[in-house]
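One structure is given here, and the rest of the page talks about it.
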Amino acid sequence: LCQRERFPLRQAFMQSHFSSTSEETAEQFLAELDAARPSIELGLDVSKDLLRKLGDPQKKLRVVHVAGTNGKGSTCAMIASALSCSGLRVGV
Numbered sequence: 003l004c005q006r007e008r009f010p011l012r013q014a015f016m017q018s019h020f021s022s023t024s025e026e027t028a029e030q031f032l033a034e035l036d037a038a039r040p041s042i043e044l045g046l047d048v049s050k051d052l053l054r055k056l057g058d059p060q061k062k063l064r065v066v067h068v069a070g071t072n073g074k075g076s077t078c079a080m081i082a083s084a085l086s087c088s089g090l091r092v093g094v
């Protein structure tokens, strides 16, 4: 299927919003798009409030959280080995 047949609503949307090439039309479209976007509250305040309302369950857990793109496996193995040698029970 061609792009137009697969997405007829998108095609109609694009035609209705981009039928004119004037700068004013493009600026109006971008302003409408920006106004329609839901606001996003950045930061951890919402998550912290939720955890507080739940009784801060994270404080009862003893965990090491490893995140990132590379090296998680070897990092976890090293941490697990060190904790295990210290007499702690470890699960990876």
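So in the numbering used here, the last spot in the sequence shown is 94, and the numbers never skip. Just so you know, even glycine gets a beta-carbon here, dropped at the ideal spot from N, CA and C.
Three-way DSSP call (helix, strand, coil) for residue i in this model
i: I81; result: helix
i: T58; result: Strictly speaking, residue 58 in this sequence is Asp, with Thr absent from that position. Reduced to three states, the DSSP call for D58 is coil.
i: T27; result: helix
i: G89; result: coil
i: S49; result: helix
i: G75; result: helix
i: E34; result: helix
C-beta contact flag for residue i and residue j at 9 Å
i: A82; j: V94; result: yes
i: T77; j: V65; result: no
Cβ distance (whole Å) where residue i is taken to contact residue j below 8 Å
i: P59; j: L52; result: P59 to L52, Cβ: 10 Å. No contact.
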